[in-house]
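Worksheet for the structure shown next.
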Amino acid sequence: MQDTYAQRYRDYPVREPLEVANVNDELTLQTIERVRPSLVVVSGTNIVGSRVIEASKALGEIVNLHTGISPYVRGGPNCTNWCLAKKWFHLIGNTVMWLDRGVDTGKIIATEQTPLSGDETLYDLQFKVMEHAHDLYRRCLLAIDSARDEVSAIPQTSLGEGVEFRNTDWGALAMVAATLNHRFYYRGQLPGSPHPGLRLVPLPSR
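Quick note on numbering: the numbering used here labels position 48 of the sequence shown as 52, and the sequence is numbered without any gaps.
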């Protein structure tokens, strides 16, 4: 998937990336202090530590993209796969939140189910989730930039309870369950259909 994006956006103008072994490295903190951003945008990192969060909030705000629908499914390594393993197809989607010190527990800006047909291959499913994630994140960032006071900050506890998965939980049995559930149960369903108890946070329309 990364190769696909590298090819698609090979001509996209970006600054020289800063590569660190861990997002919480000292060089990250030094860069935040040097650049002094009003908004830090997090995606695809390991857990962001308190020092990076505090440094970001001292200058502005920090947001995070989670490929899963919070608060119902949180953690890692891949909540789309966990939704398959648990047959929680209605929870395949994305969340944009204000980052806090918890694991995908920040106040929610928006949540959406990924538009799906029910006939996706495993690769197509993962790709559609990421395409939807990028689009939702883009729309949320535009909303923050244009009308910060209208952007939501909904506590996750007000929406319900969920499960936090850990990377160490994902093993051979979970992989087999995800594969078999996709093959025998996912196909032909409408994963993005309404579901009792699922409460989404819409991005305010303008």
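Even for Gly, the Cβ is constructed at its ideal location relative to N, Cα and C.
Predicted model only: the values in this text are computed from it and were never measured.
Own chain partners of GLY192 with C-beta closer than 8 Å, once the 5 adjacent residues on each side are dropped: If we look at GLY192 and ignore the five residues flanking it on each side, its Cβ neighbours are GLY122, ASP123.
Beta strand (DSSP E) segment containing VAL205, residue limits: Careful: VAL205 lies outside any beta strand (DSSP E) and carries neither H nor E.
Evaluate the contact criterion for the region 48 to 57 versus the region 136 to 153: three or more CB pairs, one atom per stretch, below 8 Å. No: fewer than three Cβ pairs fall under 8 Å.
List in chain order: all unbroken alpha helix (DSSP H) runs of 4+ residues lying wholly within the region 38 to 87. Secondary structure remark: continuous alpha helix (DSSP H) runs of at least 4 residues inside the region 38 to 87, in chain order: 54 to 63.
Of the listed residues ALA10, ILE66, ARG203, nearest to ARG105 (C-alpha basis): Here the closest residue by C-alpha is ILE66.
So, are the CB atoms of THR84 and ILE96 less than 8 Å apart? Result yes, Cβ atoms of THR84 and ILE96 sit closer than 8 Å.
Does DSSP classify ASN98 as helix, strand or coil? It is a strand residue.
Closest residue to SER47 among GLY64, PRO119, TYR189, ALA137 (Cα-Cα distance): The candidate whose alpha carbon is nearest that of SER47 is ALA137.
Option in VAL107, GLN117, VAL27, LEU103 with minimal Cα separation from GLY79: Ranking the options by Cα distance to GLY79, first place goes to VAL107.
Enclosing beta strand (DSSP E) for ALA25 [first to last residue]: In the DSSP assignment, ALA25 falls outside any beta strand (DSSP E) and carries neither an H nor an E.
Provide the residue(s) that pair with PHE169 in DSSP beta bridges, ordered along the chain. Answer is GLY79, bridged to PHE169.
Neighbourhood of PHE212 by C-beta distance below 6 Å, restricted to the same chain and skipping five residues each side: The structure shown does not extend to residue 212, since the chain spans only 5 to 210, so no value can be given for it.
Between the Cα of LEU194 and the Cα atoms of GLN117, TYR127, GLN160, ASN26, which residue gives the shortest distance? Answer by Cα proximity: GLN117.
Where THR8 sits in the DSSP three-state scheme: If DSSP states are grouped into helix, strand and coil, THR8 belongs with the helices.
Minimum C-alpha distance to PRO81 - residue among ASN68, TRP92, LYS111, THR49: Closest in C-alpha terms to PRO81, from the list ASN68, TRP92, LYS111, THR49, comes THR49.
Whole runs of the alpha helix (DSSP H) within the region 120 to 205, excluding any shorter than 4 residues: Under the rule that a run must span 4 or more residues, the alpha helix (DSSP H) segments found entirely inside the region 120 to 205 read 126 to 150, 176 to 185.
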